[in-house]
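Before any comments, here is the structure.
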Amino acid sequence: MYADDLQIYISFHPHSADDAIRALNSELNRINEWADNHTLTLNPSKSKFIIFGTKGQIETVESMDPCVAINNVTVERVWKARNLGVTFDACLRFEEHVSELARNCLYVIKVMYKIREYLSQELRKRLSEALVLSKLNYCLPVFGPCLLARSCRLLQRIQNACVRFTQFIPPRTHVTPFINNADMLNMKSRRDLHFASLLFGVVNSVVFVPRHSAVDKIYQIRFIHS
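Residue numbers (UniProt numbering): 1 to 226.
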């Protein structure tokens with residue numbers, strides 16, 4: 001839940017799509033009734049639903065003709081959705097997100113090149129980190145592990161452009177030695193670092209508490225919020 005936004009997620013096997021859709025519609029009816037009881041109004045025309053999965057899974061669900069509705073109004077199905085600044089596609093490959101990110105970053109670099117000669121190397125480095133590379137870092141653990149090879153190359157191309165902007169590198173010279181000399185991590189290493197940092201945070205913010213049950217020995221997970 002957000003200030004003016006509610007999202008519902010339901011996980012299901014492709015062959016159980018009908019049961020999942022019924023469960024989802026039931027929850028939507030409950031939410032709609034709650035909204036009516038509290039003098040709130042839901043807007044079905046602004047509501048969308050998306051099905052995530054592999055291409056084969058999505059095709060299986062499509063054969064069952066899924067229909068989601070709020071107050072008897074059909075909700076539009078979409079193949080991509082923007083959530084907190086990240087564009088999610090149905091197959092979770094994030095190609096459109098990376099393409100849009102690349103366009104924005106390369107435009108910023110193009111603008112910065114116009115004032116490059118007036119900036120020191122240290123300032124150029126700070127501008128690259130603040131205006132370009134920070135955008136690549138945002139939500140990197142979310143989409144980083146899912147990227148196709150061409151998306152990885154595109155992100156690396158952006159970092160290479162930043163390094164060329166920061167340092168005076170001949171046009172046909174490889175950038176990798178300059179990245180290493182500047183003690184920078186390439187994009188693959190950045191993805192690994194951010195993902196490892198996320199896992200480290202999860203592991204170190206979880207406490208396992210035994211349930212003391214004679215039936216089973218399942219452990220509850222209690223998250224500690226710092």
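Think of the CB as a built atom: it goes at the ideal place given N, C-alpha and C, for glycine as much as any other residue.
Just so it is clear, the structure is predicted and the values come from calculations on it, not from any experiment.
Euclidean distance between Cα positions of residue i and residue j
i	j	result
Val75	Asp4	18 Å
His212	Leu147	The pLDDT assigned to His212 is 46, lower than 50, so where the model puts this residue is not dependable; a value taken from the coordinates is nonetheless given after this. His212 and Leu147: Cα-Cα distance of roughly 43 Å.
Leu24	Asn181	54 Å
His15	Asn32	28 Å
Leu123	Ile179	17 Å
Asn186	Val175	10 Å
Val202	Ser189	20 Å
Arg150	Arg191	15 Å
Ser205	Cys139	19 Å
His194	Pro141	6 Å
Phe12	Asp19	9 Å
Met1	Tyr113	41 Å
Gln167	Gln121	7 Å
Met64	Leu199	37 Å
His97	Pro66	26 Å
Ser99	Val108	14 Å
residue 315	Leu127	In this structure the chain extends from 1 to 226, so residue 315 is not present and cannot be described.
Per DSSP, cross-strand counterpart(s) of residue i
i	result
Asp89	Lys80
Lys48	Glu76
Ile31	BP columns for Ile31 are empty, so no partner.
Ala69	Thr74
Pick from the options that is closest to residue i, judged by C-alpha positions
i	options	result
Leu84	Tyr113, Phe200, Phe143	Phe143
Met184	Ala196, Asn204, Glu129, Phe168	Glu129
Lys110	Phe94, Ser47, Pro177, Cys162	Cys162
Phe94	Cys152, Gln121, Ser47	Cys152
Ile51	Thr41, Ile10, Asn43, Leu28	Ile10
Ala17	Leu6, Leu42, Ser99, Glu62	Glu62
Pro44	Lys125, Pro145, Asn37, Leu28	Leu28
Check: residue i C-beta below 7 Å from any heavy atom of the ligand NAP
i	result
Ala161	With respect to the ligand NAP, the structure offers nothing, as it holds no ligand at all.
Contact belief for residue i with residue j at Cβ below 8 Å, rounded distance in angstroms
i	j	result
Val68	Ile21	7 Å
CB contact below 8 Å: residue i versus chain C
i	result
His194	Annotation note: the requested chain C is absent from the structure, which comprises a single protein chain.
> Do three or more CB pairs link the region 83 to 100 to the region 46 to 59 at distances below 8 Å?
Replying inline: yes
>> Can you confirm whether the region 147 to 162 touches the region 128 to 136 when touching is taken to mean that 3 or more C-beta pairs between the two stretches lie within less than 8 Å?
In response: yes
> Okay, do the region 99 to 111 and the region 67 to 85 touch, 3+ Cβ pairs below 8 Å being the bar?
Replying inline: no
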